[in-house]
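Reading through the structure tokens given below for one structure.
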Amino acid sequence: MAEINYKDKVIKLYKEILLREPDKTGLYYFVSQLESKKMALDDVKKSLINSEEGQSIQNYSHYTDKYWNDLKRVVEYKNELSTDNKTIHWIDDLPNKFPSYIPFENILIVGCGNGWLERRLYDQGIGKNFDAFDISEKYIQEAEQEKGNRSIKYFIDDINDIQKIEPKKYDAVFNFAILHHATEIDAALKKLSECLKPKGLMFNEEYVGPARNQYSEEHLEIMLSVNSDLPERLRSKNLLRPPLENFRIEPTEAIHSDLVISSFKKYFDIVFERNMNGGIAYQILWNNISEFEKNDVDSIKWLNFILEKDIEFTNSKKVPILFWYGVGQPKL
Numbered sequence: 130m131a132e133i134n135y136k137d138k139v140i141k142l143y144k145e146i147l148l149r150e151p152d153k154t155g156l157y158y159f160v161s162q163l164e165s166k167k168m169a170l171d172d173v174k175k176s177l178i179n180s181e182e183g184q185s186i187q188n189y190s191h192y193t194d195k196y197w198n199d200l201k202r203v204v205e206y207k208n209e210l211s212t213d214n215k216t217i218h219w220i221d222d223l224p225n226k227f228p229s230y231i232p233f234e235n236i237l238i239v240g241c242g243n244g245w246l247e248r249r250l251y252d253q254g255i256g257k258n259f260d261a262f263d264i265s266e267k268y269i270q271e272a273e274q275e276k277g278n279r280s281i282k283y284f285i286d287d288i289n290d291i292q293k294i295e296p297k298k299y300d301a302v303f304n305f306a307i308l309h310h311a312t313e314i315d316a317a318l319k320k321l322s323e324c325l326k327p328k329g330l331m332f333n334e335e336y337v338g339p340a341r342n343q344y345s346e347e348h349l350e351i352m353l354s355v356n357s358d359l360p361e362r363l364r365s366k367n368l369l370r371p372p373l374e375n376f377r378i379e380p381t382e383a384i385h386s387d388l389v390i391s392s393f394k395k396y397f398d399i400v401f402e403r404n405m406n407g408g409i410a411y412q413i414l415w416n417n418i419s420e421f422e423k424n425d426v427d428s429i430k431w432l433n434f435i436l437e438k439d440i441e442f443t444n445s446k447k448v449p450i451l452f453w454y455g456v457g458q459p460k461l
């Protein structure tokens, strides 16, 4: 009987389940357990899946993290930056900003996730007919279940290799934070520009900060300083510059975020754009909103402090713009 190569099998399980090479200690432990017959391969698999790291990867979702815009005050802040009115989101502002276009006859939603965006646009009368795609079959199934009798057609497609859209079909394309996941951002934007009618519009709300959130040392020092000024209970306990190894759970996260605007302007003429800041507030508030949600006197005061610092350091160009709202028309 051929000898089983347990080392290769353990390495394969690590890559499949934990999305990485095994550390030396883990590799030695599992190989020795297998060789001594104290564990079977199925036991190793279960151990990796049930580990804290394995569960984190298995349960990962875009919708489980808590972000700065989960706070009402931050929503008002972003509204003010995008529409000059803290009570009006840019989506709600579309009938005022683009009255001659609305309702759009045919709209494409890029990377629709669970379908919240097209449902909102349909219900607000922004568009009549929607096509929406995502690479995740799970999200497409969720969106299908929630669409009701709205005129929405769902399909699976990949932002990096879009295959199922027709040229010059759409009056509008909506991208809500999907382009920063594109590894082939230039090709994606070229294809999206070609699927629009000549006078069509593409709407974007995007993360446009440093790729993979790898902020400069100067930027990091400013965030650390602002964070240290906060009362203990309101400080972020997270690393303000995420380690690169975090991105193996979702390797495309912010992969080319720093190229979004320049790539967009290669294929589109800008019709309207606004910076939505975030260079201080976004990272400090990431997965750090529970105490601010209490809305007590202190949390209100210090949240306003964070947003004031966000404006101050953005305007002085000491930190980069992280979020951008832009509307463009395909270049002729």
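So for the sequence shown, our numbering puts the first residue at 130; every next one is plus one. Think of the CB as a built atom: it goes at the ideal place given N, C-alpha and C, for glycine as much as any other residue.
Subject >> Rounded separation between D260 and E323 - CA only >> reply: 16 Å
**OP:** Name the two residues that bound the continuous alpha helix (DSSP H) containing G455.
**Re:** Taken as a continuous stretch (DSSP letters only), G455 belongs to no alpha helix (DSSP H), being part of the beta strand (DSSP E) at 452-459.
Subject >> Cα-Cα separation between F332 and D398, rounded to whole angstroms >> reply: 12 Å
Subject >> Selected residue, minimal CA-CA separation from D222, among N198, K175, V302, L250 >> reply: L250
Original post:
For Y283, which beta-bridge partners are listed by DSSP?
Top reply: A261
Original post:
For L147, which three-state DSSP category applies?
Top reply: coil
Subject >> Three-pair Cβ contact test at 8 Å for the region 333-341 versus the region 388-403 >> reply: yes
Original post:
What are the complete alpha helix (DSSP H) segments, minimum 4 residues, inside the region 190-214?
Top reply: 201-212
Original post:
Who does A272 pair with in a DSSP beta bridge?
Top reply: DSSP lists no partner for A272.
Original post:
Does the Cβ-Cβ distance between K282 and K326 come in under 7 Å?
Top reply: no
Original post:
For the 8 Å Cβ check, are there 3 or more pairs between the region 274-281 and the region 302-312?
Top reply: no
**OP:** Output the distance between the C-alpha atoms of E164 and K138, rounded to the nearest integer angstrom.
**Re:** 12 Å
Original post:
Per DSSP, which one or two residues make a beta bridge with L325?
Top reply: Y299
Subject >> Where I399 falls: helix, strand or coil (DSSP) >> reply: strand
Original post:
How should T443 be labelled, buried or exposed, when 16 other C-beta atoms within 10 angstroms of its C-beta is the threshold for buried?
Top reply: buried
Original post:
Going by Cα to Cα distance, which pick from D152, M168, K319, L451 is closest to K394?
Top reply: K319
Subject >> Residues bridged to L237 (per DSSP) >> reply: D260, V302
**OP:** Out of I435, G338, L451, L147, state which residue places its alpha-carbon closest to the alpha-carbon of L200.
**Re:** I435
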